[in-house]
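Student: Pasting a structure below so you can have a look.
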């Protein structure tokens, strides 16, 4: 595919083809590594194994019916992708969303974010050779999936946020189960910290590995926990407040070093912040309808262009819609965080040990369908 | 004192030893395979195998039958003779050390004067098997695993040997039975704590167990040196690994934990083996426990740890031992 | 970042600078620029601390429009920069300024056939090698529209176009 020709002085290097089926690429990503001994001198990510042309699909069906596709892009942050797309269409068509629906969206989206971070936590540690934490993380994650399954009807690729609200109102059972889950997850922190976060081997593996700086992040468009790990407190939920996020009190965790340990700790601490948001949202949950009164069946999108950015678990997600007045988008572009985050790899990872490449790529928290969207 | 080899005719003794060795190797693999999966399960807060037999106790038997029934896949470009040789080479040499281990005063196949050296010599054949397996598979990941394994095992044999030498200086013998017997009042783990620690670390690295399982590091090298192996050829590697674990733990027991010494039981010259096995399996439990707790180290950290810390410390320990032994 | 100063600088480079209502469109400024001036503008954006959010192409009739999206990490200032490709479907690359544009430009080359002049490696990124000229996102004759059809109609002038800045100064504090 897109393999750069080898220059002559590179002929002696050992080319290792990591992926598309490899335990630590988490999907159909292929990385060509030119190795000198254990050192990866040149990395070459090869994309496109799972490309489904979502953007082309979007141009061929009514905007509203593209909603399920958004969940297929990032299967771990599906509700957040739903939310961004619903907001985009509401912005374009000028639909007011009831307050209760906004609160429900925030609660479910934050649950989804925790779920994504928990999966990353387990899978990343599995990449580093620790087998046990993934079971603990999946145990907790299973509770979230059960809670969300009850209200949304699916476990992974949700289509719950709709234009104008959410498809089904939440009930008391949801509220009590969510509260119980918050209690449970908080009681597990000491376990995670004792077993994992303070471990010497883990720290030696992560500190000073894959360092990013705010400048590199700006040049590559790196966002999300990786950017916050470099000390920039940039979170779309705070920088460009959407939905009802301004009403909640939460911190944006940052670290200064920009290495794998920094993004590791940022993600870990974000779990607690998401729990705080959910708690406040449950307390303040207003009564009322969960769906706007009249959402037209055929959603006319006035000509013009619209952008909707939300904070996905991996960084900034932007939908950019060009409408021509019909109900079918003229062009829909999805800016997915992993795409920009992965593009730093050739620069930041060259000259690393093979094991460090695995931990640096793991700290990007890649979801490949999001890159090959 | 008479051992098995002085009271039985030569031929019968060899047959009994061979059967005993096989029983230990396969029995140990069954016990450890089950124990490892069950322990891993409980460490991970899940039950582990539960379906076959009471609490999954027959799981390993079923797995063994399955593995025997599987096709042996040989990659097209592989070096076939070497590819088939490697698992045998990993498995066969584990019998010899088993014959030398003094399970109790009278349960020992052979007692030879250089027992320790023979055990270490046979244990290092394992490296060759891994190198051959990795090389002949014609797979880059396998080759990587093989290279790592050779570098790792060669490096960690040095502190292992030096830490054992400290004990040898104290007892003036290489014979395992005499070393075990020399610990009647005090176990050497109390007199040589540093040597014991170094030996334990080196032992984990020698058996390629996590957190030093770099030759198979599945998140980096898919499965390392045995990526291409399937069926019985794969399980021979696993059998060899468990048998090696048993051997290094036995050596630790003989050198540091007093061999078969313990609270006396009737017929202690035979039943002392119970204490011996208890100690061995306690060490094996420790190996399993750390495997399922810690993340994997990085290769340069692993080598640095050996060359910069373990070897100097073991040498210092050896020097101190020599001086003290000389003064007393 | 001083937004007023930045806007003044934009006006020297871009053909038109327009503040738009964030609540309606989801971004703050709309810039149009000549294709040849894109690298100059990108250089300025990098100096002012913007990061590259996205780079995309929209197929419309006079020629393909390339849209660059930038945002700032300190102040809320989301900018769309539009430039038309020239007759040969060419536009200068910004991958030497914003390395993150490298993949976006290759993707745009894959899907729309826009050639980014000066790009180090315009090999297909997503498509297979044999599909170089597939250009799947180009519109066909029937669905292709004029650029005027996708521009926002201005029913009434929005008086509070400058509002976003006031809002964000509070948010930042």
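Chains as they are written, first to last, in our numbering: chain E, 1 to 373; chain C, 1001 to 1328; chain W, 2001 to 2173.
Note that the Cβ used here is the ideal one computed from N, Cα and C, for glycine as well.
From a predicted model like this one, the values you see are computed outputs, not experimental measurements.
Taking contact to mean 3 or more Cβ pairs, one atom from each stretch, closer than 8 Å, check whether the segment 1090-1097 of chain C and the segment 1120-1137 of chain C are in contact.
Tutor: Because the criterion of three Cβ pairs below 8 Å is met, the segment 1090-1097 of chain C and the segment 1120-1137 of chain C touch.
Student: Quick one: what's residue 2069 of chain W bridged to in DSSP?
Tutor: W/2054 and W/2080.
Student: If we define contact as Cβ-Cβ less than 7 Å, is residue 46 of chain E a contact residue for chain C?
Tutor: Cβ-Cβ to chain C under 7 Å: no for residue 46 of chain E.
Student: Run through chain E and tell me which residues come within less than 8 Å of residue 2009 of chain W, C-beta to C-beta.
Tutor: Result: empty, since nearest Cβ-Cβ is about 18 Å, beyond 8 Å.
Student: Is there contact here, the segment 1225-1233 of chain C with the segment 1063-1070 of chain C, by at least three beta-carbon pairs under 8 Å?
Tutor: Yes: at least three Cβ pairs fall under 8 Å.
Student: Within 10 Å of its beta-carbon, does residue 362 of chain E have 16 or more other beta-carbons around it, so buried, or fewer, so exposed?
Tutor: It is buried - the Cβ of residue 362 of chain E has at least 16 other Cβ atoms within 10 Å.
Student: My assumption, with CB atoms under 8 Å, is that residue 1032 of chain C sits in contact with residue 1203 of chain C. Please give the rounded CB distance.
Tutor: About 15 Å separates the two Cβ atoms, so there is no contact after all.
Student: Going along the chain, which residues of its own chain have a beta-carbon closer than 6 Å to the beta-carbon of residue 100 of chain E, five neighbours each way excluded?
Tutor: Excluding positions up to five away in sequence, the list reads 286, 288 and 290.
Student: Taking residue 353 of chain E as the query, report the chain C residues whose CB atoms sit under 9 Å from its CB, ordered along the chain.
Tutor: Ordered by position in chain C, the residues that pass the 9 Å Cβ test against residue 353 of chain E are 1298, 1299 and 1300.
Student: If you follow the alpha helix (DSSP H) that residue 1143 of chain C is in, where does it begin and where does it stop?
Tutor: It spans 1140-1171 - the alpha helix (DSSP H) in which residue 1143 of chain C sits, taken as one unbroken run.
Student: Name the chain E residues that come within less than 7 Å of residue 2056 of chain W, Cβ to Cβ?
Tutor: The answer, in chain order, is 320 and 333.
Student: Do you know offhand how far residue 1051 of chain C's Cα is from residue 1059 of chain C's?
Tutor: C-alpha separation (whole angstroms): 8 Å.
Student: Identify the residues that DSSP records as bridge partners of residue 14 of chain E: which are they?
Tutor: Answer by DSSP bridge pairing, in chain order: E/35.
Student: Confirm, please, whether the CB-CB distance from residue 2113 of chain W to residue 2093 of chain W is below 7 Å.
Tutor: Result no, Cβ atoms of residue 2093 of chain W and residue 2113 of chain W do not sit closer than 7 Å.
Student: Mind pulling the chain C residues with CB within less than 7 Å of residue 139 of chain E?
Tutor: 1045, listed in chain order.
Student: Helix, strand or coil, according to DSSP, for residue 1229 of chain C in the structure here?
Tutor: Three-state result, residue 1229 of chain C: coil.
Student: In the DSSP assignment, what are the bridge partners of residue 332 of chain E?
Tutor: Bridge partners of residue 332 of chain E: E/321.
Student: If I measure Cβ to Cβ from residue 1040 of chain C and keep anything under 6 Å in the same chain, skipping five residues before and after, which residues do I get?
Tutor: These residues qualify, in order along the chain: 1292.
Student: Does the beta carbon of residue 242 of chain E come closer than 7 Å to any beta carbon on chain W?
Tutor: No, because no Cβ of chain W sits closer than 7 Å to the Cβ of residue 242 of chain E.
Student: Note down, in chain order, all residues in the segment 1035-1060 of chain C with a beta-carbon under 8 Å from any beta-carbon belonging to chain E.
Tutor: Answer set for the segment 1035-1060 of chain C: 1040, 1043, 1044, 1045 and 1046.
Student: Verify the CB distance criterion: does residue 1215 of chain C have a CB-CB separation below 7 Å to chain E?
Tutor: Not an interface residue.
Student: Under 7 Å between C-beta atoms, does residue 164 of chain E make it to chain C?
Tutor: Answer no: the Cβ-Cβ gap between residue 164 of chain E and chain C never drops below 7 Å.
Student: Would you please verify whether the beta carbon of residue 34 of chain E is less than 7 Å from any beta carbon of chain C?
Tutor: Cβ-Cβ to chain C under 7 Å: no for residue 34 of chain E.
Student: Taking 8 Å as the limit between beta carbons, can you name the residues of its chain near residue 157 of chain E, skipping five residues before and five after?
Tutor: Excluding sequence neighbours, residue 157 of chain E sits near 68, 71, 72, 75 and 78.
Student: Where does residue 55 of chain E fall in DSSP's three states?
Tutor: In this structure, residue 55 of chain E counts as helix in the three-state DSSP scheme.
Student: Near residue 1258 of chain C, which residues of its chain fall below 6 Å by C-beta distance, leaving aside the five closest residues on each side in sequence?
Tutor: The answer, listed in chain order, is 1183 and 1187.
Student: Report all residues from its chain with a CB closer than 6 Å to the CB of residue 1062 of chain C; omit the five preceding and five following residues, and keep chain order.
Tutor: Contacts found: 1052.
Student: Could you give the DSSP three-state label for residue 1294 of chain C: helix, strand or coil?
Tutor: If DSSP states are grouped into helix, strand and coil, residue 1294 of chain C belongs with coil.
Student: Looking at the C-beta of residue 1266 of chain C, does it have a partner C-beta in chain E at a distance below 7 Å?
Tutor: No, because no Cβ of chain E sits closer than 7 Å to the Cβ of residue 1266 of chain C.
Student: Using a Cβ-Cβ cut-off of less than 7 Å, list which residues of the segment 1137-1161 of chain C approach chain E; keep chain order.
Tutor: Listed by position, the residues of the segment 1137-1161 of chain C near chain E (Cβ gap below 7 Å) are 1140.
Student: What's the gap between the Cα of residue 353 of chain E and the Cα of residue 1211 of chain C?
Tutor: Residue 353 of chain E and residue 1211 of chain C: Cα-Cα distance of roughly 17 Å.
Student: With DSSP run on the structure shown, which of helix, strand or coil describes residue 155 of chain E?
Tutor: Three-state result, residue 155 of chain E: coil.
Student: Entirely within the segment 2112-2145 of chain W and at least 3 residues each: give me those beta strand (DSSP E) ranges in chain order.
Tutor: The segment 2112-2145 of chain W contains these whole beta strand (DSSP E) runs: 2115-2117.
Student: Quick check: the Cα distance between residue 95 of chain E and residue 1298 of chain C, rounded to an integer number of angstroms?
Tutor: Taking the straight line joining both Cα atoms gives about 54 Å.
Student: Applying the criterion that 16 or more other CB atoms from any shown protein chain within 10 Å of the CB defines a buried residue, is residue 259 of chain E buried or exposed?
Tutor: Burial call: buried.
Student: Could you pull out every unbroken beta strand (DSSP E) segment of at least 3 residues lying fully inside the segment 1035-1064 of chain C, listed in chain order?
Tutor: For the segment 1035-1064 of chain C, not a single whole beta strand (DSSP E) run of length 3 or above is found.
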